[in-house]
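I have placed the structure first, in the form of structure tokens, so that the comments after it can refer back to it.
Numbering (our numbering), first residue to last: 136 to 269.
Structure, rendered in structure tokens:
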């Protein structure tokens, strides 16, 4: 799959400081959605009728989740399993094409503003829960 979507491939996975890894991850996601958002959004319009399209969306989400787990393994390793799973899901949702669409189209945020918001939020998510909830 990565050969079809080179912007989906995260290089230097897990290398660098948290700041460097977050910046690289967010830059890649914003570049990806800037390039393929129309195709991604079109594919999502047919997933209810087209099982292959639905599988492709799920496959891409799976690749992205695995990248998040690998790239942020040190921080996720400091969390409980449930907290780590929550963090992965939140980062995946935050950097999804649906989120990109809201930031860029609905809220009229620039690519730089989107990158900044995503990076700050990912850093906060990876620092662990702020409450005493299990």
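Ideal placement from N, C-alpha and C gives every residue a C-beta, glycine not left out.
Using 8 Å for Cβ pairs, my map puts residue 229 next to residue 256. What's the rounded Cβ distance?
Confirmed, about 6 Å.
Measure the alpha-carbon distance for residue 156 versus residue 180 and round it to whole angstroms.
Roughly 32 Å separates the two Cα atoms.
One question on the structure: do residue 211 and residue 227 come within less than 9 Å of each other, judged by their Cβ atoms?
No, they are not a contact pair.
Taking only runs that begin and end inside the stretch 150 to 227, name each unbroken alpha helix (DSSP H) of 4 or more residues, in chain order.
Runs found: 153 to 180, 186 to 206 and 208 to 211.
What does the alpha-carbon distance come out to for the pair residue 146 and residue 258?
So the two alpha carbons sit approximately 19 Å from each other.
Can you have a look at residue 249 and say buried or exposed, based on whether 16 or more other CB atoms are within 10 angstroms of its CB?
Buried, by the Cβ-count rule.
Assign residue 261 to buried or exposed, taking buried as 16 or more other Cβ atoms, counted over all protein chains shown, within 10 Å of its Cβ.
When all chains shown are included, residue 261 counts as buried.
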